[in-house]
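For the record, the sequence lines run as chains A and B. Per the working numbering, the first sequence starts with residue 35, numbered consecutively. Per the working numbering, the second sequence starts with residue 28, numbered consecutively. Glycine included, C-beta positions come from ideal geometry on N, C-alpha and C.
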Amino acid sequence: MAAPLYAGTAREIRDQVRTGAVSAVVVAQSMLDRIQALDAKVGAYVEVWRDHALEMAEAVDRRVKQGQDPGPLAGVPVGLKDNLCTSHGTTTCASKILKGFESPYDATVVNRLREAGAVFLGKLNMDEFAMGSSTENSSVQKTRNPWDLERVPGGSSGGAAASVPAELATITIGSDTGGSIRQPAAFCGCLGIKPTYGRISRFGLIAFASSLDQIGPFTKNAEDLAIVMNVLSGIDPLDATSANLPVPDYTQSLKTGVAGLTLGLPKEFYTDALGGPMRESIMKAVDVLKGLGAKVVEVSLPHTDYGIAVYYLIATAEASANLARFDGVRYGFRDPAAKTVEEMYRGTKTGGFGPEVKRRIMLGTYALSSGYYDAYYLKAQKVRALIRRDFDEAFAKCDVIVTPTTPTPAFKFGEKTDDPLQMYLSDIYTNSVNLAGVPGLSIPCGLIDGKLPAGMQLIGKPFSEDLLIRVAHAYEKARGFDMGKPAIK
Amino acid sequence: MAQLTPKDVEYVAALAQLSLDDAAKSRMLGDLGNILGYVEKLNELDTSGVEPMLHVLDLANVYREDTVGPSLDRAQALKNAPNTDGAYFLVPKILDAE
């Protein structure tokens with residue numbers, strides 16, 4: 035029996051649609067049927083765009099029939115995290131305060147994907163305003179880890195991460211402020227990349243922490259990652275923080291191996307806090323890369339231990355400023371009982387935001403408030419400079435830094451919800467990458483106890499995504515095992 | 028750093044325009060106290076002489092010609108508003124009419 039269409043990689047689907055061997059409508063139908071049959075168990079989608087997906091697929095098929103180039107993602111079914119503005123459907127950040135919000139415009143990445151021939155399936159669940167590490171902070175629903183439905187998918191891009199191994203989308207797009215792509219990718223067993231700050235336009239991404247936020251894709255393999263990074267990357271006049279640098283053809287990275295590259299293992303990441311089985315998985319993967327001719331050296335990132343503290347001061351300070359715009363005037367929820375403007379502001383924010391968002395607004399407001407600014411926010415920015423310097427010095431000794439993505443595999447629902455600090459610490463290996471602004475990629479490197487995925491994180495110099503994809507691809511081809519598929523039961 | 032007090036929590040909630048009931052206030056006091064206790068570890072580091080990192084990229088001003096381009100039309104800009112008269116966003120009265 036031929037594999038079902040929903041199971042294909044982006045490259046396979048694209049190639050078949052381009053030649054007319056398979057219709058994009060039939061691919062979309064296959065994926066939509068799969069979503070209908072299975073998403074009640076996973077809970078990845080907050081909105082499914084059945085009719086819209088079929089219309090987009092028809093448009094792709096028309097381009098093929100007319101002999102036009104249908105694009106590098108022709109007919110590829112793509113899911114979008116719900117903090118990416120889309121002119122179709124709603125954009126809510128999984129928050130009550132934006133329930134029903136219909137964006138008047140598309141994010142730049144959404145436009146780029148559409149022009150590349152992608153077919154949009156709908157919007158994916160997330161922690162409210164991307165604040166969380168388990169998607170339990172969504173005001174809409176739980177998303178379950180496809181490998182074990184009693185466990186979280188990670189977060190904040192939990193819906194986007196769960197969809198790829200569950201075959202509820204071929205590629206998904208998420209955002210990463212402190213690990214929100216890499217941590218859930220590791221928990222769910224797919225690839226995810228947080229590109230360099232500035233690599234991908236953030237126009238139309240609802241802001242959480244502006245000096246840290248980046249958009250990035252989730253895929254089944256490194257080849258698909260290269261294909262979609264070609265589509266997403268590059269300068270955008272609508273985003274002043276997008277970098278004016280040439281974008282390499284990332285698919286060229288699939289042609290070279292890792293011989294001659296130097297991999298750095300930061301000693302601060304391989305401490306007792308790292309569980310035995312996770313350590314074994316990573317070291318096995320490092321051995322595979324060694325076998326391919328990569329050199330391995332120890333490096334040091336001395337300020338690793340301060341990353342979480344710096345992150346939670348800077349991210350919350352920026353969030354408290356960014357989220358001030360949700361005041362009930364121009365869009366979203368407004369407290370219907372308010373009789374004065376003051377009451378409207380307070381009633382809207384109090385009724386519209388969930389507990390974690392309020393906690394972070396409070397922390398950020400405190401860190402920026404008069405008398406505390408120097409002690410908290412300014413101090414955090416200075417330590418951020420030291421963290422960046424650590425990376426610069428480590429990259430003088432190696433090409434790519436290799437770490438675990440998370441200290442443990444996916445945890446159970448409710449395990450960390452009572453203690454926000456414990457939840458924050460689950461991002462201990464990913465936060466500093468955002469603080470330094472460098473790119474990080476998570477790739478599956480086996481199953482812990484044969485059950486739960488482990489993720490290896492590859493960290494590179496600014497704008498070295500090509501190198502990260504190259505290492506990921508070489509590893510994937512040589513590792514000698516297949517991650518298999520989750521049973522979803 | 029001084030211990031976070033219930034008064035601090037009320038003050039910050041007022042700045043952030045959030046109303047907290049007693050249960051939320053006491054939970055917030057505990058949670059924020061914990062997190063602030065944790066971030067104290069930054070004081071282990073001597074950062075004198077370190078320039079704060081404000082941004083990842085070396086950003087410079089980007090100039091362009093000041094030309095009129097397309098923008099959202101009024102209907103689109105107003106379509107998500109909780110209350111409008113078709114031309115303006117409407118909010119509860121700010122000034123009392125005497």
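Run of the beta strand (DSSP E) containing residue 444 of chain A, from where it starts to where it stops: Mapped onto the first sequence, residue 444 of chain A falls at position 410. Careful: residue 444 of chain A lies outside any beta strand (DSSP E) and carries neither H nor E.
Beta carbon proximity, residue 22 of chain A to chain B, threshold 7 Å: Coverage of chain A is limited to positions 35 through 523, which leaves residue 22 of chain A absent and any answer about it impossible.
Same chain only: Cβ atoms within 7 Å of residue 260 of chain A, ignoring 5 sequence neighbours per side: Translated into the one-based positions of the first sequence, residue 260 of chain A becomes position 226. Contacts found: 284, 285, 287, 288, 503.
Of the listed residues A:175, A:489, A:521, A:99, nearest to residue 510 of chain A (C-alpha basis): To locate residue 510 of chain A, count along the first sequence from 1; it is residue 476. The residue with the shortest Cα to Cα distance from residue 510 of chain A is A:489.
Closer than 8 Å at the beta carbon, the chain B residues around residue 354 of chain A: Locating residue 354 of chain A in the first sequence gives position 320, counting from the first residue. In chain order: 43.
Range covered by the beta strand (DSSP E) that runs through residue 111 of chain A: As a position in the first sequence, residue 111 of chain A is number 77, starting the count at 1. From DSSP, the beta strand (DSSP E) with residue 111 of chain A extends over 111-115.
Proximity winner among A:87, A:507, A:419, relative to residue 335 of chain A (alpha-carbon distances): In the first sequence, the residue the question calls residue 335 of chain A occupies position 301. Selected option, being the one with the closest Cα: A:419.
Euclidean distance between Cα positions of residue 326 of chain A and residue 252 of chain A: The residue labelled residue 326 of chain A in the question sits at position 292 within the first sequence. The residue labelled residue 252 of chain A in the question sits at position 218 within the first sequence. Their Cα atoms are separated by approximately 25 Å.
Contact belief for residue 460 of chain A with residue 348 of chain A at Cβ below 8 Å, rounded distance in angstroms: Looking up residue 460 of chain A in the first sequence gives position 426. Looking up residue 348 of chain A in the first sequence gives position 314. Contact flag wrong, Cβ pair sits at about 18 Å.
Simplified DSSP state of residue 460 of chain A, which is helix, strand or coil: As a first step, residue 460 of chain A is located in the first sequence; it is residue number 426 there, counting from the start. If DSSP states are grouped into helix, strand and coil, residue 460 of chain A belongs with coil.
Residue 200 of chain A vs residue 153 of chain A beta-carbon contact at 7 Å: The count along the first sequence starts at 1 and reaches residue 200 of chain A at position 166. The count along the first sequence starts at 1 and reaches residue 153 of chain A at position 119. No, these two residues do not count as a Cβ contact at 7 Å.
Neighbour list for residue 383 of chain A in chain B, Cβ cutoff strictly below 8 Å: Within the first sequence, residue 383 of chain A is the residue found at index 349, counting from 1. Correct list: 43, 44, 45.
Within 7 Å, strictly: CB atoms of residue 473 of chain A and residue 481 of chain A: Counting from one through the first sequence, the residue named residue 473 of chain A turns up at place 439. Counting from one through the first sequence, the residue named residue 481 of chain A turns up at place 447. Taking 7 Å as the Cβ cut-off, residue 473 of chain A and residue 481 of chain A do not qualify as a contacting pair.
Nonlocal neighbours in the same chain, by C-beta distance under 7 Å from residue 458 of chain A, ignoring five residues either side: Along the first sequence, read from residue 1 onward, the residue named residue 458 of chain A stands at position 424. Cβ within range, chain order: 342, 346.
Contact under 7 Å by Cβ, residue 130 of chain A with residue 386 of chain A: As a working mapping, residue 130 of chain A is identified with position 96 in the first sequence. As a working mapping, residue 386 of chain A is identified with position 352 in the first sequence. Yes, the pair counts as a contact, with Cβ atoms nearer than the cut-off.
Residues near residue 388 of chain A by beta carbon distance below 8 Å, same chain, minus five either side: Counting from one through the first sequence, the residue named residue 388 of chain A turns up at place 354. So the list reads 129, 130, 162, 171, 173, once near-sequence residues are dropped.
Span of the beta strand (DSSP E), counted from its first residue to its last, around residue 79 of chain A: Position 45 of the first sequence, counted from the first residue, corresponds to residue 79 of chain A. From DSSP, the beta strand (DSSP E) with residue 79 of chain A extends over 79-82.
Residue of A:438, A:466, A:189 minimising C-alpha distance to residue 340 of chain A: Residue mapping note: residue 340 of chain A aligns to position 306 of the first sequence, counting from 1. Measuring from the Cα of residue 340 of chain A, the nearest candidate turns out to be A:466.
Classification of residue 184 of chain A by the beta-carbon crowding that lies within 10 angstroms, buried from 16 upward: Looking up residue 184 of chain A in the first sequence gives position 150. A residue is called buried once 16 or more other Cβ atoms fall within 10 Å of its Cβ, and residue 184 of chain A, having fewer, is exposed.
Those residues which DSSP pairs with residue 267 of chain A across a bridge: The count along the first sequence starts at 1 and reaches residue 267 of chain A at position 233. Paired residues: A:234.
Contact check, residue 164 of chain A vs residue 117 of chain A, beta carbons under 7 Å: Stepping through the first sequence from its first residue, residue 164 of chain A is reached at position 130. Stepping through the first sequence from its first residue, residue 117 of chain A is reached at position 83. Against a cut-off of 7 Å, the Cβ pair of residue 117 of chain A and residue 164 of chain A comes out as a contact.
Chain-ordered residues of the segment 56-85 of chain B with a beta carbon less than 7 Å from chain A: 58, 59, 61, 62, 65, 66, 68, 69, 72, 74, 77, 78, 79, 80, 81, 82, 83, 84
Buried/exposed call for residue 359 of chain A, threshold 16 Cβ in 10 Å: Within the first sequence, residue 359 of chain A is the residue found at index 325, counting from 1. That one is exposed.
Closer than 7 Å to chain A by CB, residue 99 of chain B: In the second sequence, counting from the first residue as 1, residue 99 of chain B sits at position 72. Yes, its Cβ sits closer than 7 Å to a Cβ of chain A.
C-alpha distance - residue 448 of chain A paired with residue 108 of chain B, whole-angstrom precision: Along the first sequence, one-based indexing puts residue 448 of chain A at 414. Along the second sequence, one-based indexing puts residue 108 of chain B at 81. Distance between the alpha carbons of residue 448 of chain A and residue 108 of chain B: 36 Å.
Sequence-distant residues of its chain with Cβ nearer than 6 Å to residue 67 of chain A (five each side left out): Taking the first residue of the first sequence as position 1, residue 67 of chain A is located at position 33. Once the five neighbours on either side are set aside, residue 67 of chain A has no close Cβ partner at all.
Inside the segment 256-326 of chain A only - beta strand (DSSP E) runs reaching at least 3 residues: The DSSP assignment places 296-300 as complete runs of the beta strand (DSSP E) inside the segment 256-326 of chain A, in order along the chain (cut-off: 3 residues).
Of the residues A:273, A:415, A:94, A:197, the one placed nearest residue 72 of chain A, counting alpha carbons only: Sequence index remark: in the first sequence, residue 72 of chain A carries index 38 (1-based). Residue A:197 is the option with its Cα nearest to residue 72 of chain A.
Nearest residue (CA-CA) to residue 454 of chain A, options A:278, A:415, A:394: Stepping through the first sequence from its first residue, residue 454 of chain A is reached at position 420. The shortest C-alpha separation from residue 454 of chain A is found at A:394.
Partners in chain B for residue 399 of chain A, counting only beta-carbon separations shorter than 8 Å: Taking the first sequence and counting its residues from 1, one reaches residue 399 of chain A at position 365. Within chain B, the residues near residue 399 of chain A are 39, 42, 43.
Identity of the residues DSSP links to residue 75 of chain A by a beta bridge: Along the first sequence, read from residue 1 onward, the residue named residue 75 of chain A stands at position 41. Paired residue(s): none; residue 75 of chain A is not in a bridge.
Reduced DSSP category for residue 124 of chain A - H, G, I as helix; E, B as strand; rest coil: Within the first sequence, numbered from 1, the residue matching residue 124 of chain A stands at position 90. Three-state result, residue 124 of chain A: coil.
Contact with chain E by residue 492 of chain A, beta-carbon distance below 7 Å: Protein chains A and B are contained in the structure displayed, whereas chain E is not.
Buried or exposed (CB count within 10 angstroms, at least 16 for buried), residue 515 of chain A: Counting from one through the first sequence, the residue named residue 515 of chain A turns up at place 481. With fewer than 16 other Cβ atoms within 10 Å, it is exposed.
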